[in-house]
Amino acid sequence: DVEWVDISKEKEEVIADLLQTKHGRVLVCNKTLDEFVGIVTMKELLSELYRKGEIDIHKLVHDPLIIPSTLRARKVLEQFRQQHKFFAVVVDEYGSLDGIITLHDIIENLVGSIPDENEMEEPDVFMRNENSALINGEAPIEVLTNFIDDFIIDFEEIDYSTVAGFVLSNINKIPQVGDVFTYENTTFEVVDVDGNKIDKVMVTKKTKVSHEYL
2 DVEWVDISKE
12 KEEVIADLLQ
22 TKHGRVLVCN
32 KTLDEFVGIV
42 TMKELLSELY
52 RKGEIDIHKL
62 VHDPLIIPST
72 LRARKVLEQF
82 RQQHKFFAVV
92 VDEYGSLDGI
102 ITLHDIIENL
112 VGSIPDENEM
122 EEPDVFMRNE
132 NSALINGEAP
142 IEVLTNFIDD
152 FIIDFEEIDY
162 STVAGFVLSN
172 INKIPQVGDV
182 FTYENTTFEV
192 VDVDGNKIDK
202 VMVTKKTKVS
212 HEYL
């Protein structure tokens, strides 16, 4: 099945749907799969979302490379090279969407298996600037010593070992995107959840962040 997002929804819904996807590039369509509009890259979305807060999702949509399903792999690779694209929509003889293909897929077809960008290990901490970072919920709680002055971890007194556990212990409820609290001089905001699981937390300190454990 092709993973896609309906761009005709309200902006907040579109962003929420994009944040739930598992791929680095996502097909966006207008109500139906055959009405494909373009491609949104998650790196660009996250960068704009956390840099500006308010974004125009339509400005992040890139025109897709459209190729017929009959085109051979080497010809598709040449199309990628000429158009400077990494992601293409494959259509059948009637112009209906038949699937999607990436530059990674084509190279694997020609030279064999290679690691996908989504198979690369994701860093626990992504620094936005010297005061703020996007942190994985599964990151070890020790990373917070960089954000909270004189932060003491006593594992005999707590029943968690991750940043997500620390956040849950402070909000004391089922997490939702937008949950915010302040601990000492540091603000924590839940920016992505998967069901009841905290995936991403935006952590902002009033002073410059230490890098001892990053």
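All residue numbers for the sequence shown refer to our numbering, where the first residue is 2 and numbers rise by one.
For every residue, glycine included, the Cβ atom is placed at its ideal position computed from N, Cα and C.
Item	Value
Burial state of Gly-138 (16 or more Cβ within 10 Å)	buried
Exposure of Pro-65, with buried meaning 16 or more beta-carbon neighbours within 10 Å	buried
Start and end residues, alpha helix (DSSP H) containing Ala-1	The chain is shown from 2 up to 215; residue 1 falls before or after that span and cannot be answered.
Separation of Val-202 from Phe-189, as counted between CA atoms	7 Å
DSSP three-state assignment for Ser-48, whether helix, strand or coil	helix
Local conformation of Ile-133 per DSSP, three classes	It is Ser, not Ile, that sits at residue 133 in the sequence shown. Strand at Ser-133.
Status (buried if at least 16 other CB within 10 Å, exposed otherwise) for Ile-136	buried
Cα-Cα separation, Val-216 to Tyr-95	Lying outside 2 to 215, the shown extent of the chain, residue 216 is not represented and no answer is given.
DSSP state of Lys-206 mapped onto helix, strand, coil	strand
Buried or exposed (CB count within 10 angstroms, at least 16 for buried), Leu-27	Note that residue 27 corresponds to Val in the displayed sequence, not to Leu. Result: buried.
Counted within 10 angstroms of its Cβ, other Cβ atoms place Val-41 as buried (16 or more) or exposed	buried
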